[in-house]
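The listed protein sequences correspond, in order, to chains F and Y. Just so you know, the first sequence maps onto residues 33 to 417 in the numbering used here. Just so you know, the second sequence maps onto residues -6 to 132 in the numbering used here. Ideal Cβ positions, reconstructed from N, Cα and C, are used throughout, including at glycine. The block underneath contains the structure these notes are about, expressed in structure tokens.
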Amino acid sequence: MSIRGAAAIVGYHEIPTRRNYPGRSNWSMLAEAANGAIRDAGLRKDQIDGLLCQEGFNSLTVAEYMQLSPKYTQSMTLHGATATGAVSAGAAAIAAGYADYILCVMGGTRDPEAGGQQPGGFRNPQQMSAQPRGGGGPASRGTEWESPYGPVVAANGGYGLIKQRHMYEFGTTQEQFAKCSVDQRFNALLDPNAAFSGQPITIEDVLNSRFTNDPLHLLECVMPCAGAGAWIMTSAERARALPNKPVYVLGAGGPATSHDTIFMERNVTTSPVALSAPVALRMSGYNARDMQFAEFYDCYTILVMMCLEDAGICPKGEIGPFYASTDTTYKGGFPINTNGGQISGGQPVGGGGGGIKQVIEAARQIMGRAGPRQIAKNDLCLVNG
Amino acid sequence: MAEYRKPLPRAEDYPLTEPFWEATKRHELVIPRCKRCNLYFWYPRQECPNCYQRDQWEWTPVSGRAHLHTFTVVRQPQNPAFADDVPYAYAIVQLEEGVRMISNVVGCAIPDDLKVDMPLMATFDDVTPECTLVKFKPA
């Protein structure tokens, strides 16, 4: 049983990622993205009969707000893997016949009062009590096993812990991590959707940026932003009748995981991509090294780099030397995050909405619509969330 | 003494984890160990996460010997109550019994003295008269 080639992305829309969109609601951002994607696919709103939404946004509420009546819907609860999880679930749902045209829509505004934190974040110590979860429930930030020890702001702490261990186990250097940021920034320079469009940086800039938490530099982290995106999935047969070049899903694996909070992961330097990538690749009939480019979720340099090696783009532990010796810009031998990803593009907040940057850029490149950033070998892309 | 404003467990409300916090008050570290598998596990659950046997584990004293699995140096805490403590070490510590937990490494220069895999020993911080946190210092 395989869904190889059964479904395709046939249209998309991305609202430029910006620090904020004052006066806009999450719902309004999602509606704008949805409308753009439906039009881009050459469809009418009443043809949409499937809806996949992000974590924290009940898809029933989204359907109601947008006056949609999907016969198949769910919200993905996968943190950063929400967007790629929607591609995986959407392709399977199309293949199973649950729906004909599935709208995937994600993103949101920022809460300016949260001071750079994501909407709904903790704002004062009283809200950050160290509560046991029903006496022995799951560990997670906010429980008695983490809160008393002073976790780092946002998700920075976990990725600092992973990066520290990766540097220790494999000798990955700060310069190699910085190269990831610099290549992605080069890619963002010509993307009008990127928050840092037109603002180049150097290796020295990354190394001289402050530690958010050692060994993580500020310029290795995403900036929480407002933004949204949407795409439409349909069957291969229906896709051929629509205006855009279909972007076929040749394989999908996961979502895979073993933990919610990082200290429960037995091997902190290996990501669940080690579980999901082999499934996706086997289904596709290709090897990792057959891929022509990659769009990999990148809240932090360590994540995109660790996941690339877990996917088999290079041997485990060698992602540092890989970056040092590879031009990963859109002009290079193996382009990665050709729109700057989220580190240079900005992270549209809201329930894993950041992953829209990767999914939409993959579709954009494969359709040949990336303008001055267009890569020449654009048939096979590995996407991770 | 200034009021302690950081998050603390409310052990008295939760019988399952209360013995852990009672032990730290005595400056003892106890960890759940399954009587069937003999495996230590962390965090405490009603059942052993290996064999799923419920209520067949017991709080077991451990040596407190550990290694620093990995760490990050906090400059910007999520919780403003920790703002005066920066920089401090937020760490994954691996006990010699195999379990890993989040804690702080104290009693050394931050960040200069911190090295991944360095040996550590449990130490007990009586943060309030009612609560003692287990932290770790270089061994």
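Heavy atom of the ligand SAM less than 7 Å from the Cβ of S56/Y, yes or no?
What this structure holds is no ligand at all, so the ligand SAM is not there to describe.
Please go through the same chain and pick out, in chain order, the residues whose beta-carbon is closer than 7 Å to the beta-carbon of T301/F, but skip the five residues on each side of it.
For this step, residue 301/F is matched to residue 269 along the first sequence. So the qualifying residues of the chain are I194, R197, H198, E201, M338.
Going by other Cβ atoms of all chains shown within 10 Å of its Cβ, with 16 needed for buried, is P450/F buried or exposed?
Coverage of chain F is limited to positions 33 through 417, which leaves residue 450/F absent and any answer about it impossible.
Cutting at 7 Å between CB atoms, please list the residues of its own chain near A395/F, excluding the five before and the five after it.
What you label residue 395/F is simply residue 363 of the first sequence in a count that begins at 1. Non-local C-beta neighbours of A395/F in its own chain, meaning closer than 7 Å and more than five positions away in sequence, comprise I41, Y44, W263, V279, ordered along the chain.
For a quick check, are the C-beta atoms of P25/Y and W14/Y less than 8 Å apart?
Within the second sequence, residue 25/Y is the residue found at index 32, counting from 1. Within the second sequence, residue 14/Y is the residue found at index 21, counting from 1. At least 8 Å separates the beta-carbon of P25/Y from that of W14/Y.
Boundaries (first-last residue) of the alpha helix (DSSP H) holding I392/F
The sequence position of residue 392/F within the first sequence is 360, counting from 1. First-last of the alpha helix (DSSP H) with I392/F: 388 to 399.
Out of V254/F, E207/F, A226/F, D246/F, point me to the one whose CA is closest to D237/F's CA.
Residue numbering aside, residue 237/F sits at position 205 when the first sequence is read from its first letter. Of the candidates V254/F, E207/F, A226/F, D246/F, the one whose C-alpha sits nearest the C-alpha of D237/F is E207/F.
Taking all protein chains shown into account, decide if G91/Y is buried (16 or more other Cβ within 10 angstroms of its Cβ) or exposed.
Counting from 1 along the second sequence, the entry for residue 91/Y is found at position 98. So G91/Y ends up on the exposed side.
CA-CA distance, D132/F and I47/F?
Residue mapping note: residue 132/F aligns to position 100 of the first sequence, counting from 1. Residue mapping note: residue 47/F aligns to position 15 of the first sequence, counting from 1. Between D132/F and I47/F, the C-alpha separation is close to 25 Å.
Anything in the stretch 18 to 50 of chain Y with a Cβ closer than 7 Å to a Cβ of chain F? List those residues in chain order, please.
Y36, P37, R38, Q39
Compare the C-beta of V184/F against all C-beta atoms of chain Y and say whether one is closer than 8 Å.
Here residue 184/F is taken as the residue at index 152 of the first sequence, counted from 1. So yes, V184/F belongs to the interface.
In chain F, which residues lie with their C-beta within 8 Å of the C-beta of V55/Y?
Counted from its first residue, the second sequence places residue 55/Y at position 62. Residues of chain F passing the Cβ test: none, with the nearest at roughly 16 Å.
For E46/F, write down the residues that DSSP places opposite it in a beta bridge.
As a first step, residue 46/F is located in the first sequence; it is residue number 14 there, counting from the start. BP columns for E46/F point to G261/F.
In angstroms, rounded to a whole number, what distance separates the CA positions of Q379/F and V98/Y?
Translated into the one-based positions of the first sequence, residue 379/F becomes position 347. Translated into the one-based positions of the second sequence, residue 98/Y becomes position 105. Here the C-alpha atom of Q379/F lies approximately 32 Å from the C-alpha atom of V98/Y.
Which residues in the same chain have their Cβ closer than 7 Å to the Cβ of G403/F, if we skip the five residues on either side of it in sequence?
Counting from one through the first sequence, the residue named residue 403/F turns up at place 371. Excluding positions up to five away in sequence, the list is empty.
My parser needs the beta strand (DSSP E) runs of 3 or more residues fully inside the stretch 338 to 386 of chain F; what are they?
Within the stretch 338 to 386 of chain F, no beta strand (DSSP E) run of at least 3 residues lies entirely inside it.
So A63/F and M33/F are in contact, right, with Cβ under 8 Å, and what is the actual spacing, rounded?
To locate residue 63/F, count along the first sequence from 1; it is residue 31. To locate residue 33/F, count along the first sequence from 1; it is residue 1. The Cβ separation is near 36 Å, so there is no contact.
From S96/Y to P180/F, what does the alpha carbon distance come to, in whole angstroms?
On the second sequence, residue 96/Y is found 103 positions in, with the first residue counted as 1. On the first sequence, residue 180/F is found 148 positions in, with the first residue counted as 1. Those two C-alpha atoms are separated by around 9 Å.
Quick check: the stretch 101 to 111 of chain Y against the stretch 320 to 330 of chain F, are at least 3 beta-carbon pairs closer than 8 Å?
Touching, no.
E176/F CB to nearest chain Y CB: under 8 Å?
Stepping through the first sequence from its first residue, residue 176/F is reached at position 144. Interface residue, yes.
For G88/F, go through chain Y and note every residue whose CB falls closer than 8 Å to its CB, in chain order.
The residue you call residue 88/F lines up with position 56 of the first sequence. What G88/F touches in chain Y: nothing, since even the nearest Cβ is about 18 Å away.
Sheet register partners of D118/Y (DSSP bridge)
Locating residue 118/Y in the second sequence gives position 125, counting from the first residue. Its beta-bridge partners are L126/Y.
Run the CB neighbour count on N156/F, radius 10 Å, all protein chains shown included, and call it buried at 16 or more, exposed below.
Residue mapping note: residue 156/F aligns to position 124 of the first sequence, counting from 1. With a pLDDT of 37 at N156/F, under the threshold of 50, the modelled position of this residue cannot be trusted; read the value that follows with caution. It counts as exposed.
Quick one: does Y332/F have its CB under 8 Å from some CB of chain Y?
Taking the first residue of the first sequence as position 1, residue 332/F is located at position 300. No, because no Cβ of chain Y sits closer than 8 Å to the Cβ of Y332/F.
In chain F, what lies closer than 7 Å to V141/Y by C-beta?
Look at the range of chain Y in this structure, -6 to 132, and you will see that residue 141/Y is not part of it.
Of all the CB atoms in chain Y, is at least one closer than 8 Å to the CB of L282/F?
Taking the first residue of the first sequence as 1, we reach residue 282/F at position 250. Not an interface residue.
Taking Cβ to Cβ, would you say A65/F is nearer than 8 Å to V137/F?
The residue labelled residue 65/F in the question sits at position 33 within the first sequence. The residue labelled residue 137/F in the question sits at position 105 within the first sequence. Result yes, Cβ atoms of A65/F and V137/F sit closer than 8 Å.
Taking DSSP as the reference, what is the three-state secondary structure of R165/F?
Indexing the first sequence from 1 puts residue 165/F at position 133. Note that R165/F scores a pLDDT of 44, beneath 50, so its modelled location is shaky and nothing firm can be said.
Cβ-based contacts, 7 Å cut-off: residues of the stretch 65 to 92 of chain Y near chain F
T65, V66, V67, R68, Q69, P70, Q71, N72, P73, A74, F75, D78, Y81, Y83, I85
Buried versus exposed, by CB contacts within 10 Å (16 or more), I211/F:
Along the first sequence, one-based indexing puts residue 211/F at 179. Here the sequence assigns Lys to residue 211/F, which means Ile is not the residue at that position. Under this definition K211/F is a buried residue.
Following the continuous beta strand (DSSP E) through Q208/F, name the residue where it begins and the one where it ends.
Taking the first sequence and counting its residues from 1, one reaches residue 208/F at position 176. Per DSSP, Q208/F belongs to no beta strand (DSSP E); it is in the alpha helix (DSSP H), 206 to 220.
Under 7 Å (Cβ pairs) to chain Y, residues found in the stretch 192 to 220 of chain F:
Residues passing the 7 Å Cβ filter: G192, L193, Q196, R197, Y200.
Does DSSP put E327/F in a helix, a strand or coil?
In the first sequence, the residue the question calls residue 327/F occupies position 295. Note: E327/F maps to strand in three-state DSSP.
Interface residues of the stretch 227 to 257 of chain F facing chain Y [CB-CB below 8 Å]
Along the stretch 227 to 257 of chain F, going in chain order, the ones with a CB nearer than 8 Å to a CB of chain Y are R242, F243, T244, N245, D246, P247, L248.
Endpoints, the alpha helix (DSSP H) within which M98/F is located
Taking the first residue of the first sequence as position 1, residue 98/F is located at position 66. Run containing M98/F: 91 to 98, per the alpha helix (DSSP H) assignment.
If we define contact as Cβ-Cβ less than 8 Å, is K(-1)/Y a contact residue for chain F?
By 1-based counting over the second sequence, the position of residue -1/Y is 6. Yes - at least one Cβ of chain F is within 8 Å of the one on K(-1)/Y.
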